[in-house]
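Just so you know, we're using our numbering here: the sequence shown kicks off at 11 and counts up by one.
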Amino acid sequence: MADYIYTVSKKKFYPLNPQIEDIDICDIAHALSMLSRANGHFPFFHSVAQHSIECANEALARGLEPKLCLACLLHDGAESYMSDVTTPVKNKLSDYREYEDKLIDLIFKKYVGELTEEEKKIVYSIDKDLLYYEFYHYMGIELSEKPHIVSKPVFEFKEFSVVRDEFLELFKRLKSER
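As structure tokens, this is what we get:
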């Protein structure tokens, strides 16, 4: 198993050489619902899938096109296959970043279409805005100047299967609106 992982759907997945046909939205939804934000350092569990749903809901509240809302939902999809590395460490791991960028671009290509650099900026700006509110809610820490958001995220624990199913329902809805 040196060069692949098994996903919940029992597929062999090669994170360093991903193939578009091996990417599965059910694997992504399941894994992200089980992964903790902030590397597990929030005092309560908040999943990456919950964060992704909140990002998509913020994009919807801003009236962005379904393509960008879907990209917001999937923006951390690579973590489902590669896990995540904290930002200070990731910034020193150029190879990791390259593999992560390649994988997220492939996920976008499969489910969203290719994104322009401007579209990616919008998606990751929303990601950063929600990060601010998560840290403020869970830790009382203000990471930056308070960004304005339109949605009203609810930061509470939800069962993994509930979050997974909510992620998949939102995915199906946004995909059908494209």
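The beta-carbon is built from N, C-alpha and C at its ideal position, and this holds for glycine as well. In this text, all values refer to a predicted model and were calculated from it rather than measured experimentally.
- In the structure shown, S186 falls within a helical segment according to DSSP collapsed to helix, strand and coil.
- The shortest C-alpha to C-alpha distance from Y24 to any of C36, T97 and L113 is the one to L113.
- Excluding the 5 residues flanking it on each side, F55 has same chain C-beta neighbours closer than 7 Å at S46 and F167, in chain order.
- For the set D86, Y109, L26 and F181, the Cα lying nearest the Cα of L141 is the one of D86.
- Within the model, the alpha-carbon separation for P98 versus Y148 is close to 20 Å.
- The continuous alpha helix (DSSP H) containing L141 extends over residues E127 to M149.
- DSSP, reduced to helix, strand and coil, places I15 within a strand of the structure shown.
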